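S.K.: Numbering (my numbering), first residue to last: 252 to 446.
Glycine is no exception: its CB is placed at the ideal position from the N, C-alpha and C atoms.
Only a predicted model underlies this, so the values are computations on that prediction, with no experimental measurement involved.
The structure follows.
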Amino acid sequence: MFCALLLSTSAPAFAQAGAQGSGQPPQAPAGVTPPPDYVIGPEDVLSVLFWREQDMSAEVAVRPDGMITLPLINDMAAAGLTPDQLREQIMEAAGKFVETPSVTVTVKAINSRKVFITGMVGKPGQYALTSPTTVLQLIAMAGGLHEFADAKKIVIMRAEGGKQTAMPFNYKDVLDRKNLSQNIDLKPGDTVIVP
């Protein structure tokens, strides 16, 4: 009985040691699936995992200045890059300290891509844009329209090329399947105003 108990409690430890020494890279931590056009931005959370150099691995938040800090490598720019571009830059920087570094960059949280909704909705505020989201979907996420909202005069504000543009959105038309082209995919920074 004692031998069986000893074997059952030590087996997981042997299994873990075997996996670490197996020569196989560790599995990347689970993260979110970024949209195809995703570039890293401030406040995003990334997991940087080095195979064979675990002390260089870290989970980091992108600072407001667009930089991240990694052990040994120190500060490097992350904002404006795709996860693959950042991985390449980390591998190049780590190559000064480690022979043939193997790095995985995983997006843990997307906090830089935000849209805003204000006015006569249940929960006005900012919402993370982690996947393609239409105006109608954002209104639903924000708890729907208040009873006295002017559903025909909703406006989407978008800044492009230094200019603000206002696009009309008629909630009733979209619900009645008229003029569905108004129900656009939102872009980071868009603001939906519900009077």
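What does Leu300 pair with, by DSSP beta-bridge criteria?
M.R.: Thr355
S.K.: Within the same chain, show all residues whose beta-carbon is closer than 7 angstroms to that of Gly292, passing over the 5 residues directly before and after it, in chain order.
M.R.: Val313, Ala330, Ser363 and Arg364
S.K.: May I ask you to verify whether the region 281–291 touches the region 323–338, counting CB pairs closer than 8 angstroms and requiring at least 3?
M.R.: yes
S.K.: Closer than 6 angstroms by C-beta to Arg409: which residues in its own chain qualify, once you throw out the five before and the five after it? Chain order, please.
M.R.: Closer than 6 angstroms at Cβ, skipping near neighbours: Thr416 and Asp441.
S.K.: Hey, would you say Met371 sits closer than 8 angstroms to Pro446, going by beta carbons?
M.R.: Yes. Within cutoff.
S.K.: My assumption, with CB atoms under 8 angstroms, is that Thr384 sits in contact with Leu300. Please give the rounded CB distance.
M.R.: The pair is not a contact, with the Cβ atoms about 29 angstroms apart (cut-off 8 angstroms).
S.K.: For Pro352, count the other beta carbons within 10 Å of its own beta carbon; 16 or more makes it buried, fewer makes it exposed. Which is it?
M.R.: buried
S.K.: Run the proximity test for Val296: is its beta-carbon closer than 7 angstroms to any non-hydrogen atom belonging to the ligand SAM?
M.R.: In the structure on display, the ligand SAM does not appear, and there are no ligands present to speak of.
S.K.: Whose C-beta lies closer than 7 angstroms to the C-beta of Lys404 among residues of the same chain, with five residues either side of it excluded?
M.R.: Pro446
S.K.: Looking only at DSSP bridge pairs, what is Phe420 linked to?
M.R.: Ile405
S.K.: Measuring alpha carbon to alpha carbon, tell me which residue in Leu387, Val358 and Lys438 is nearest Asp424.
M.R.: Leu387
S.K.: Give me the Cα-Cα distance between Asn434 and Thr369, rounded to the nearest whole angstrom.
M.R.: Asn434 and Thr369 have their C-alpha atoms some 17 angstroms from each other.
S.K.: Hey, would you say Leu323 sits closer than 8 angstroms to Phe348, going by beta carbons?
M.R.: Going by C-beta atoms, Leu323 is nearer than 8 angstroms to Phe348.
S.K.: State the CB to CB distance for the pair Ala393 and Pro375, rounded to an integer number of angstroms; the pair is presumed to be in contact (CB under 8 angstroms).
M.R.: With a beta-carbon spacing of about 6 angstroms, Ala393 and Pro375 fall inside the 8 angstroms limit used to define contacts.
S.K.: Closer than 7 angstroms by C-beta to Leu396: which residues in its own chain qualify, once you throw out the five before and the five after it? Chain order, please.
M.R.: Cβ within range, chain order: Met371, Val372, Ile390, Ala402, Tyr422 and Val445.
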